[in-house]
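Student: Before anything else, here's the structure in question.
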């Protein structure tokens, strides 16, 4: 497919999206969702990162070979 | 978790997974150093975090139709800082000061708080598809779709490199600074940890910048470019072993930025290419295979270093992004690519 054709399709898709009645979300609501979901992700994933953070003291207490 | 992500309400999957992850993580405290208990618990933790990470990305896609690359980029950038944090703690000499049971307990409480945030404050976005029926074979069948297959191949190439780099760059920096005679003993260890924190943490702004650029210039362009840069940096970093620490850290930092910059864009691409009611399955499948691959490359690196040299080990990692970049260039040429980034491919 030629690049001119690709550009045409891309423009048409963007125009259709703008006119198709897809629900619009207020920027503040999107930012709030982004902040809350990111905070929740970091909180839950910290259970994974914590092992690396405490590796030194864990190895000492459990007498793991270094 | 692959099928569950789309048949049950997304928030419920996140909340339940985070709560079980918190419990499994907390149980580590009671194992008394018995690795026969501790290792299966860490395995289970990984299983239940699969209900958190891709599910969180699915929640995010429900809120963002435009700027989806930036939104997931911010999410992955935040997690990148989380990955860099333990090295910073070690670098400033605080690692030994923490009582590990308290840290583990605190992170379990963090996971419970995460579940509460999602249960009470996060709502499903307007672009989120409704739960659908269970179809365990969908993930494998999706590989017959050329566009999904290419986007997944790009991600797999990226993952071949990413976690192996994050895992071994601290050891590389330590060995390199010791070989250069710039520092030795405990000081070398501290410096290596601080440099590792900087190198990994530099990826966070890279994720945000790549998200901004990908939403405007196209996901295939940005992912292919990032993989070309990171693969090149992998080769050069290995070749610089033992050279001036400033030079090694500068190139490694460029690697740290480029190795994660594109990560979120593969997830955004999958969310745009998959059927809307299978986005959770598609993201879970992509993540699961990616993490399986990275487990292999993490194991291969030390074997290659022992048998040859860091340059060969890091050169081996560059194969992933090289193949991934080819996949993304081929994806760009496919008609389905107009669904990416609002037609910007």
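Protein chains in written order, with my numbering: chain H, 14 to 79; chain S, -2 to 342. Heads up, the beta-carbon is just placed ideally off N, CA and C, and yes, glycines get one too.
Taking contact to mean 3 or more Cβ pairs, one atom from each stretch, closer than 8 Å, check whether the stretch 226 to 233 of chain S and the stretch 186 to 205 of chain S are in contact.
Tutor: These segments do not touch.
Student: Would residue 13 (chain S) and residue 60 (chain H) be called neighbours here (beta carbons separated by less than 8 Å)?
Tutor: Contact: no.
Student: What are the residues of the stretch 42 to 58 of chain H that lie near chain S, defined by any Cβ-Cβ distance shorter than 7 Å?
Tutor: Cβ contacts with chain S: 43, 46, 47, 49, 50, 51, 52, 53, 54, 55, 56, 57 and 58.
Student: For the stretch 141 to 167 of chain S, list every residue whose C-beta sits within 7 Å of some C-beta in chain H, in sequence order.
Tutor: Hits within the stretch: zero.
Student: Need the endpoints of the alpha helix (DSSP H) that residue 146 (chain S) sits in, please.
Tutor: That run of the alpha helix (DSSP H) goes 143 to 176.
Student: Let me check understanding here. Comparing Cα to Cα, which of S:257, S:39 and S:237 lies closest to residue 419 (chain S)?
Tutor: Outside the modelled stretch of chain S, which goes from -2 to 342, sits residue 419 (chain S), for which no answer is possible.
Student: Pick helix, strand or coil for residue 241 (chain S), following the three-state DSSP scheme.
Tutor: Three-state DSSP puts residue 241 (chain S) in coil, outside helix and strand.
Student: Check whether the Cβ atoms of residue 47 (chain H) and residue 118 (chain S) lie closer than 8 Å to each other.
Tutor: Not closer than 8 Å, so no.
Student: Where does residue 260 (chain S) sit, in a helix, a strand or coil, going by DSSP?
Tutor: In the structure shown, residue 260 (chain S) sits in a helix (DSSP, three-state: H, G or I).
Student: Does residue 215 (chain S) come out as helix, strand or coil in the three-state DSSP assignment?
Tutor: Three-state result, residue 215 (chain S): coil.
Student: Does the distance between the C-beta of residue 21 (chain S) and the nearest non-hydrogen atom of the ligand SAH fall short of 7 Å?
Tutor: This structure simply doesn't include the ligand SAH, nor any ligand for that matter.
Student: Taking only beta-carbon positions, decide if residue 274 (chain S) is within less than 8 Å of chain H.
Tutor: By this cut-off, residue 274 (chain S) is not an interface position.
Student: According to the neighbour-count rule (16 or more other Cβ atoms, all chains shown, within 10 Å of its Cβ), is residue 280 (chain S) buried or exposed?
Tutor: Under this definition residue 280 (chain S) is a buried residue.
Student: Whose C-beta lies closer than 7 Å to the C-beta of residue 16 (chain S) among residues of the same chain, with five residues either side of it excluded?
Tutor: Taken in chain order, the residues that qualify are 109 and 112.
Student: Over the uninterrupted alpha helix (DSSP H) stretch that includes residue 299 (chain S), give me the two end residues.
Tutor: Per DSSP, residue 299 (chain S) belongs to the alpha helix (DSSP H) from 276 to 304.
Student: Our contact map puts residue 10 (chain S) next to residue 48 (chain S) with C-beta atoms below 8 Å; I'd like the distance itself, whole angstroms only.
Tutor: That belief holds up - the Cβ atoms of residue 10 (chain S) and residue 48 (chain S) are roughly 5 Å apart, short of 8 Å.
Student: Hey, is residue 51 (chain S)'s beta-carbon within less than 8 Å of any beta-carbon in chain H?
Tutor: No, because no Cβ of chain H sits closer than 8 Å to the Cβ of residue 51 (chain S).
Student: Closer than 8 Å, Cβ to Cβ, to anything on chain H: give me those residues from the stretch 304 to 327 of chain S, in chain order.
Tutor: Those would be none; no residue qualifies.
Student: So, helix, strand or coil for residue 60 (chain S), using DSSP?
Tutor: Reduced to three states, the DSSP call for residue 60 (chain S) is coil.
Student: Just reading off the alpha helix (DSSP H) that residue 7 (chain S) is part of, what are its end residues?
Tutor: It spans 7 to 24 - the alpha helix (DSSP H) in which residue 7 (chain S) sits, taken as one unbroken run.
Student: Buried or exposed for residue 32 (chain H), please, with buried defined as at least 16 other CB atoms from any protein chain shown within 10 angstroms of its CB.
Tutor: A caution first: residue 32 (chain H) carries a pLDDT of 46, below 50, which makes its placement in the model too unreliable to give a value.
Student: With H, G and I counted as helix, E and B as strand and the rest as coil, what does DSSP make of residue 50 (chain S)?
Tutor: Helix at residue 50 (chain S).
Student: What would DSSP say about residue 65 (chain S), mapped onto helix, strand or coil?
Tutor: Correct three-state label for residue 65 (chain S): helix.
Student: Does the beta-carbon distance from residue 57 (chain H) to residue 24 (chain S) come in below 8 Å?
Tutor: The answer is no: Cβ separation not under 8 Å.
Student: With three or more C-beta pairs closer than 8 Å as the rule, is the stretch 207 to 218 of chain S touching the stretch 283 to 303 of chain S?
Tutor: These segments do not touch.
Student: In the DSSP assignment, the alpha helix (DSSP H) including residue 104 (chain S) goes from what residue to what residue?
Tutor: Looking at the DSSP string, the run of the alpha helix (DSSP H) that includes residue 104 (chain S) is 97 to 117.
Student: Note down, in chain order, all residues in the stretch 100 to 118 of chain S with a beta-carbon under 7 Å from any beta-carbon belonging to chain H.
Tutor: Of all residues in the stretch 100 to 118 of chain S, 100, 101, 104, 105, 107, 108, 110, 111, 114, 115 and 118 have a Cβ within less than 7 Å of some Cβ in chain H.
Student: Answer with buried or exposed for residue 63 (chain H), where buried requires no fewer than 16 other C-beta atoms within 10 angstroms of its C-beta.
Tutor: Its Cβ being crowded by 16 or more others within 10 Å, residue 63 (chain H) is buried.
Student: So, using beta-carbon positions, are residue 258 (chain S) and residue 204 (chain S) closer together than 8 Å?
Tutor: For residue 258 (chain S) and residue 204 (chain S), yes; Cβs fall inside 8 Å.
Student: State the CB to CB distance for the pair residue 278 (chain S) and residue 136 (chain S), rounded to an integer number of angstroms; the pair is presumed to be in contact (CB under 8 Å).
Tutor: Their Cβ separation, rounded to whole angstroms, is 6 Å, which keeps residue 278 (chain S) and residue 136 (chain S) in contact under 8 Å.
Student: Nearest to residue 317 (chain S) by CA position, among S:104, S:80, S:116 and S:220, is which residue?
Tutor: Per the Cα distances, S:220.
Student: So the candidates are S:6, S:170 and S:245; which of them puts its Cα closest to the Cα of residue 121 (chain S)?
Tutor: Comparing Cα-Cα distances from residue 121 (chain S) to each of S:6, S:170 and S:245, the minimum goes to S:6.
Student: Is it buried or exposed for residue 79 (chain H), if we count other Cβ within 10 angstroms and need 16 for buried?
Tutor: No answer about residue 79 (chain H) holds up, because its pLDDT of 49 lies below 50 and its placement is not dependable.
Student: Suppose contacts are defined by Cβ-Cβ distances below 8 Å. Is residue 162 (chain S) in contact with residue 290 (chain S) by that definition?
Tutor: No, the pair does not count as a contact, with Cβ atoms beyond the cut-off.
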